[in-house]
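S.K.: In this note's numbering, each residue carries its 1-based index in the sequence shown increased by 77. I am attaching a structure below and will ask some questions about it afterwards.
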Amino acid sequence: MGDSESRPDSTLCTPWRRVEWEENQRYLQYVKNYKPENEAFTHIRVLLYGPVGVGKSTFINSVSSVVRGKMANQALTSARTAEVSFTRTFKTYTIQRGGKGDFYPFVFNDIMGLEKGKDRGVHENDIILALKGHVMEGYKFNPVSPLTPSDHGYVSEPSPDDRVHVLVCVYSANVGDMGAGVLQEMREIRKAASDLGIPQIAVLTKIDEACGETEKDLSNIFKSKYVKEKIEEFSRNQGIPINCIFPVKNYCTETLLDDHVDTLILSVLRAIIDFGEDFANTL
Numbered sequence: 078m079g080d081s082e083s084r085p086d087s088t089l090c091t092p093w094r095r096v097e098w099e100e101n102q103r104y105l106q107y108v109k110n111y112k113p114e115n116e117a118f119t120h121i122r123v124l125l126y127g128p129v130g131v132g133k134s135t136f137i138n139s140v141s142s143v144v145r146g147k148m149a150n151q152a153l154t155s156a157r158t159a160e161v162s163f164t165r166t167f168k169t170y171t172i173q174r175g176g177k178g179d180f181y182p183f184v185f186n187d188i189m190g191l192e193k194g195k196d197r198g199v200h201e202n203d204i205i206l207a208l209k210g211h212v213m214e215g216y217k218f219n220p221v222s223p224l225t226p227s228d229h230g231y232v233s234e235p236s237p238d239d240r241v242h243v244l245v246c247v248y249s250a251n252v253g254d255m256g257a258g259v260l261q262e263m264r265e266i267r268k269a270a271s272d273l274g275i276p277q278i279a280v281l282t283k284i285d286e287a288c289g290e291t292e293k294d295l296s297n298i299f300k301s302k303y304v305k306e307k308i309e310e311f312s313r314n315q316g317i318p319i320n321c322i323f324p325v326k327n328y329c330t331e332t333l334l335d336d337h338v339d340t341l342i343l344s345v346l347r348a349i350i351d352f353g354e355d356f357a358n359t360l
């Protein structure tokens with residue numbers, strides 16, 4: 078990771094967002110008690126997208142770890158810094174709540190990452206089809222040839238549960254320029270979701286790797302000038318409001334849960350539930 082002196086501005090400033098570090102049990106109970114009001118739905122579907130290697134699969138594992146109270150590794154991840162997407166197929170991840178067959182009423186879809194260069198990474202048209210519920214479970218992404226209605230992996234009549242109810246953009250605080258092509262793809266995906274009325278949030282990962290003060294003490298996250306500037310920059314670039322952008326630290330090297338990591342993950346999860354519930358009630 079290197080020391081903090083080699084990083085961008087790691088200095089601290091006046092807290093720029095309020096956070097309740099001691100309320101994990103209350104927030105966790107909120108998650109445990111949630112069930113969709115609209116009986117046409119059995120769950121909220123959350124679609125994650127973003128560049129390769131930013132931690133989409135790791136975020137799913139982190140959410141699962143927090144709500145289950147133990148380390149989870151449902152979504153397979155690569156231990157190496159990836160330049161090519163490790164995820165290749167459209168897969169739905171459920172999180173067990175109680176006994177066998179009892180799952181939380183929210184599911185996550187992890188998809189192939191966006192990559193620099195032509196005919197690489199997930200095709201934006203496939204993401205747009207996924208938003209509408211047209212992509213079949215297990216469909217293998219083809220960067221050169223996006224899914225069409227005549228393909229086996231196309232769902233012609235998606236159910237309310239097949240549709241995406243919250244779109245989550247995942248990106249890293251520890252990367253430089255993502256490239257104009259990737260940024261443009263992200264804007265196109267966001268526009269398509271906006272046209273469908275789908276609520277959107279963004280998750281900023283790897284904050285500890287990017288900011289020395291945050292690495293030393295995660296509670297400094299909302300005092301970090303660098304994290305604040307990174308969020309403001311992304312908001313300007315993608316048009317996502319600042320209060321819909323959540324910095325987190327995923328569980329990567331830990332073998333035990335950490336209260337501060339849990340707080341940040343739960344703050345995102347509560348927003349996902351609230352946004353998804355509001356959208357589902359409009360359908």
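Note that CB positions come from ideal geometry on N, CA and C, so glycine has one too.
#1: Suppose you measure from the CA of H229 to the CA of L343; what does that come to, to the nearest Å?
#2: Roughly how many angstroms lie between the CA atoms of I317 and R94, to the nearest whole one?
#3: What does the Cβ neighbour count give for P226, buried or exposed, with the cut at 16 atoms within 10 Å?
#4: For the ligand MG, I want to know if L295 counts as a neighbour, meaning its beta carbon is within less than 8 Å of at least one of the ligand's heavy atoms.
#5: Rounded to the nearest angstrom, what separates P182 and N219 at their Cα positions?
#6: Straight-line CA distance for R267 to R313?
#7: Straight-line CA distance for K302 to T91?
#8: Determine the DSSP secondary structure at D239, reduced to helix, strand or coil.
#9: What is the DSSP secondary structure of N186, counted as helix, strand or coil?
#10: Per DSSP, what kind of secondary structure is F118 in: helix, strand or coil?
#11: Between the Cα of V123 and the Cα atoms of Q102, I350, E309 and K147, which residue gives the shortest distance?
#12: Alpha carbon to alpha carbon, how far is V325 from D355?
#13: Give the straight-line distance between the Cα atoms of D239 and T169, rounded to the nearest whole angstrom.
#14: Please confirm whether V108 and V144 have their CB atoms less than 9 Å apart.
#15: Do K209 and L273 have their C-beta atoms closer together than 9 Å?
#16: In whole angstroms, give me the CA-to-CA distance for Y54 and L281.
#17: Just to confirm before moving on: does the CB-CB distance between D339 and N101 stay below 9 Å?
#18: Among the residues of its own chain, which have a CB less than 8 Å from the CB of P113, if the five just before and after it don't count?
M.R.: So, from the data block:
#1: In the sequence shown, residue 229 corresponds to position 152, counting from 1. In the sequence shown, residue 343 corresponds to position 266, counting from 1. Whole-angstrom Cα-Cα distance: 37 Å.
#2: Here residue 317 corresponds to residue number 240 of the sequence shown, with the count starting at 1. Here residue 94 corresponds to residue number 17 of the sequence shown, with the count starting at 1. Distance between the alpha carbons of I317 and R94 is about 17 Å.
#3: Here residue 226 refers to the residue found at position 149 when the sequence shown is read from its first residue. P226 should be labelled exposed.
#4: As for the ligand MG, it is missing from this structure, which has no ligand bound.
#5: Numbered from its first residue, the sequence shown carries residue 182 at position 105. Numbered from its first residue, the sequence shown carries residue 219 at position 142. So the alpha carbons of these two residues sit roughly 30 Å apart.
#6: The residue given as residue 267 occupies position 190 in the sequence shown. The residue given as residue 313 occupies position 236 in the sequence shown. Straight-line Cα distance between these residues: approximately 14 Å.
#7: Numbered from 1 along the sequence shown, position 225 holds the residue referred to as residue 302. Numbered from 1 along the sequence shown, position 14 holds the residue referred to as residue 91. Answer to the nearest angstrom: the Cα atoms are 9 Å apart.
#8: What you label residue 239 is simply residue 162 of the sequence shown in a count that begins at 1. Looking at D239 - three-state DSSP - the assignment turns out to be coil, as it is neither helix nor strand.
#9: Translated into the one-based positions of the sequence shown, residue 186 becomes position 109. Here N186 sits in strand by DSSP.
#10: As a position in the sequence shown, residue 118 is number 41, starting the count at 1. Looking at F118 - three-state DSSP - the assignment turns out to be coil, as it is neither helix nor strand.
#11: In the sequence shown, the residue the question calls residue 123 occupies position 46. Here the closest residue by C-alpha is I350.
#12: Working through the sequence shown from its first residue, we reach residue 325 at position 248. Working through the sequence shown from its first residue, we reach residue 355 at position 278. For V325 and D355, the distance between alpha carbons rounds to 24 Å.
#13: For the purposes of this step, residue 239 is identified with residue 162 of the sequence shown, where counting begins at 1. For the purposes of this step, residue 169 is identified with residue 92 of the sequence shown, where counting begins at 1. Near 10 Å, if we compare the C-alpha coordinates of T169 and D239.
#14: Taking the first residue of the sequence shown as 1, we reach residue 108 at position 31. Taking the first residue of the sequence shown as 1, we reach residue 144 at position 67. Yes; because the gap between Cβ atoms is below 9 Å, this pair is in contact.
#15: For this step, residue 209 is matched to residue 132 along the sequence shown. For this step, residue 273 is matched to residue 196 along the sequence shown. It is a contact, given that the beta carbons lie within the stated cut-off.
#16: In the structure as shown, the chain starts at 78 and stops at 360, and residue 54 therefore has no counterpart that could be examined.
#17: Within the sequence shown, the letter at position 262 stands for residue 339. Within the sequence shown, the letter at position 24 stands for residue 101. Yes, they are a contact pair.
#18: Locating residue 113 in the sequence shown gives position 36, where the first residue counts as 1. Counting only Cβ-Cβ distances below 8 Å, and skipping sequence neighbours, we find T119, H120, I121, P182, E354 and A357.
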